[in-house]
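Below is one structure, written out as structure tokens, with a few remarks after it.
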Amino acid sequence: MEKAVDPKIYFRTCIALLALLALTWITAYVDLGPFNLIAALAIAITKAILIALFFMHIKGSSRLLHLAALAGVMWLLILIALTLADYATRR
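Numbers given in this note's numbering equal positions in the sequence shown, counted from 1, plus 43.
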């Protein structure tokens, strides 16, 4: 049986996600030059981490689930790297 999570954690996470949503909207209208992509990816990664940790309950789970989540992230990074390598070698 899973232990109950305090609703305050969900509320704080939701507020953080809404703040990051506002930050995403603001950065879409601000010209950061070459840092636009970096800012957008940093915000997106932060949102994904918050969702995975709190809404998917990875934070309070076993080490095996942590390992499975890490393996999924590593597999995604490998696929992205292979895609970028293929794209970089084309004319």
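Don't be surprised by glycine CBs; every beta carbon is placed ideally from N, CA and C.
Ranked by how close their Cα comes to the Cα of A62, the residues V48, F78, T89 and A114 have T89 in first place. At a Cβ-Cβ threshold of 8 Å, T70 and A87 do not count as neighbours. With a cutoff of 8 Å on beta-carbon distance, A112 and A95 are scored as near each other. Exposure of F54 is indicated by the presence of fewer than 16 other C-beta atoms within 10 angstroms of its C-beta. Of the candidates F97, A91, T132 and G115, A91 places its Cα closest to the Cα of L64. Remark: C-beta atoms of I101 and H109 approach each other more closely than 8 Å. With fewer than 16 other beta carbons inside 10 angstroms of its own, F78 counts as exposed.
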